[in-house]
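Shown next, in C-alpha cells, is the structure this report addresses.
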Amino acid sequence: GENVEQHPSTLSVQEGDSAVIKCTYSDSASNYFPWYKQELGKRPQLIIDIRSNVGEKKDQRIAVTLNKTAKHFSLHITETQPEDSAVYFCAASAPGNTPLVFGKGTRLSVIA
Amino acid sequence: EAQVTQNPRYLITVTGKKLTVTCSQNMNHEYMSWYRQDPGLGLRQIYYSMNVEVTDKGDVPEGYKVSRKEKRNFPLILESPSPNQTSLYFCASSSRGRTSEKLFFGSGTQLSVL
Chain A
1 GENVEQHPST LSVQEGDSAV IKCTYSDSAS NYFPWYKQEL GKRPQLIIDI RSNVGEKKDQ
61 RIAVTLNKTA KHFSLHITET QPEDSAVYFC AASAPGNTPL VFGKGTRLSV IA
Chain B
1001 EAQVTQNPRY LITVTGKKLT VTCSQNMNHE YMSWYRQDPG LGLRQIYYSM NVEVTDKGDV
1061 PEGYKVSRKE KRNFPLILES PSPNQTSLYF CASSSRGRTS EKLFFGSGTQ LSVL
C-alpha cells in the first residue's frame, strides 16, 4: 500500500521568511495530494490540494508543487506569519477504493 | 451548517469497559473514516467506509469495531479498551464515496483508558 514520508518533523522560521515542507510517496498510481493544517487543540483542515495532472498550484501565500517522476510534493509558505504556526500534514491517495494516507506531520513554528 | 459531529469530546474510562464514540455528518457524504492521532505518529487510519454497509480496515484496526448502518452515522466501538488505546480520535467524512475529495473532520475525542 501507499507510504508517505514527510520532512522535517519540526521547522522553525522567522516571521516573514519562507517555509518548505517536503513529502515523498511510494505508490506511483497516487493522483491526489492534499495538505492539512492543524492548529493547537483544533481539528485538521484542508488548506490546499493538487492532482497529478497539475505541477503547481498557488493560493495566496501557499503553494504546492508536485514532481510525479520523483514521487514527491512540497508545501511552500511565503511571508510566514505567527498564525501559520501549526502542524501540517501531507497525504496521498490513489484512484478507486483506496484510503488517503497521511504523513506524520511537521510542526511549524513562526517566531515573531 | 455542514459539519461532522463527534461525541463525547473527552472520555476517561477503565480497562475492559466497552465504549462507543459516535460520529454523525449532515453532508450526505458516502465516505467516512476514523483516525487516531498520537504524538510523532501523525494521523493513522483505523477503519473507513465507502458507503452504507461497507467497511474496511485501515492501518491500525486491532481492538476497534465500526458499523455503517446509516449513511450519516459511523460509530467507533471499543469492546474491551486497553491503555494503549489512549489517544485523540478523529472522525472524518467526504463526498462521492471517494477519498480524493476534501475531508471534513470532527472536533475530536480525547480518550484516556486507565
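Residue numbers (my numbering), protein chains in the order written: chain A, 1 to 112; chain B, 1001 to 1114.
In this text, a Cβ means the ideal position worked out from N, Cα and C, and glycines have one as well.
Since we're looking at a predicted model, the values are computed, not measured.
- Residue state for A/Glu79 is assigned as coil, using DSSP reduced to three classes.
- DSSP places B/His1029 outside any beta strand (DSSP E), giving it a letter other than H or E.
- With fewer than 16 other beta carbons inside 10 angstroms of its own, A/Glu39 counts as exposed.
- B/Ile1077 and B/Thr1020 do touch by the CB rule: their CB atoms are close to 5 Å apart, below 8 Å.
- A direct Cα-to-Cα measurement between A/Thr24 and A/Arg51 gives close to 15 Å.
- Taking a 10 Å sphere around the C-beta of B/Tyr1048, we find 16 or more other C-beta atoms and assign the residue as buried.
- When secondary structure is reduced to three states using DSSP, B/Asn1007 falls in the strand class.
- Rounded to the nearest whole angstrom, the C-alpha separation of B/Arg1009 and A/Thr69 is 43 Å.
- Residue-level contact by beta carbon holds for B/Phe1105 and chain A, with a gap shorter than 7 Å.
- The beta carbon of A/Pro8 sits closer than 7 Å to the beta carbons of Thr106 from its chain, once the five residues preceding and following it are set aside; these are given in chain order.
- The alpha-carbon separation between A/Tyr32 and B/Ser1087 amounts to approximately 28 Å.
- A residue is called buried once 16 or more other Cβ atoms fall within 10 Å of its Cβ, and A/Pro99 is buried on that count.
- Nearest CB-CB separation between B/Tyr1048 and chain A: below the 7 Å threshold.
- Residues of the segment 90–105 of chain A with a Cβ closer than 9 Å to any Cβ of chain B, in chain order: Ala91, Ser93, Ala94, Pro95, Gly96, Asn97, Thr98, Pro99, Leu100, Val101, Phe102, Gly103, Lys104 and Gly105.
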